[in-house]
Amino acid sequence: MMAYAENTSVSASKTKGEIDGLLRKHRATGFGSFEEQNRALLVFQMQERRIRFELPLPSPTEKRFTMTAHHKARSADAALHAWEQACRSRWRALFLCIKAKLESIDSGIESFEDAFLAHIQMPDGMTVAEHVKPNIAIAYQTNPMQPLLPGPKRAE
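In our numbering, the protein residues as written are 1253 to 1408.
Structure, rendered in structure tokens:
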């Protein structure tokens, strides 16, 4: 499968600027991005909620960057270029994700909290997703699922 914006020439820093502009347009009251090793964090405040996205970034030592499709070593420059391309693609995908959520809110499809629920950071520093995900697996294991299309309810 092809990655979104796989061949983009838009730099990660330009995309971060576009995200910043988009958030300002939607009245975010704070914004920051941080990178360390193989991840980036994007944090912003909007509608009295702190939102946190963790963006996994590829490791520059992955074989897809250091080796060609024919299993030959790439030059250091070629490997760096391939890795930077993958990082640019990831940042573009995050921009698309946030833009789509904001459009969904603006169009009345869902509320702000519904759109960003998984990424809302709670006062303890964990996101709603980090709190809830462990319980989802337990619920699926211990409770029967309702039908995808439930039948009509009967009056008793």
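Heads up, the beta-carbon is just placed ideally off N, CA and C, and yes, glycines get one too.
- Endpoints, beta strand (DSSP E) assigned at E1314: E1314 -> no beta strand (DSSP E), and no H or E assigned at all.
- Message: Which same chain residues end up closer than 7 Å to F1283 when comparing Cβ atoms and leaving out the 5 residues on each side of it in sequence?
- Response: D1272, L1275, F1296
- Message: As a quick exercise: from L1293, A1345, A1330, D1376, pick the residue whose alpha carbon is nearest that of K1315.
- Response: A1330
- Keeping to the same chain, check which residues put their C-beta closer than 8 Å to that of S1352; ignore five residues upstream and five downstream. The residue asked about is misnamed: residue 1352 is Ala in this sequence, not Ser. Contacts found: none.
- For G1403, which of helix, strand or coil comes out of DSSP? coil
- Own chain residues within Cβ distance below 8 Å of P1402, not counting five before or after: none
- Query: Smallest Cα separation from P1375: which of R1302, E1355, A1381?
  - Reply: R1302
- Taking all protein chains shown into account, do 16 or more other C-beta atoms lie within 10 angstroms of the C-beta of S1341, making it buried, or fewer, making it exposed? buried
- Query: Do you know offhand how far G1377's Cα is from T1260's?
  - Reply: 33 Å
- Cβ pair count under 8 Å reaching 3, the stretch 1310-1327 against the stretch 1381-1401: no
- Would you kindly work out how many angstroms separate the C-alpha atoms of S1356 and R1279, rounded to a whole number? 16 Å
- So who's on the other strand from E1288, going by DSSP bridges? R1291
- Task: Return the residue from the list I1350, A1257, T1267, L1332 that minimises the CA-CA distance to R1304.
- Result: I1350
- Query: Are there 16 or more other CB atoms within 10 angstroms of the CB of F1286, so buried, or fewer, so exposed?
  - Reply: exposed
- Message: Between the alpha carbons of E1306 and A1334, how many angstroms are there, rounded?
- Response: 22 Å
- Query: Run through DSSP, which three-state label would E1365 get?
  - Reply: helix
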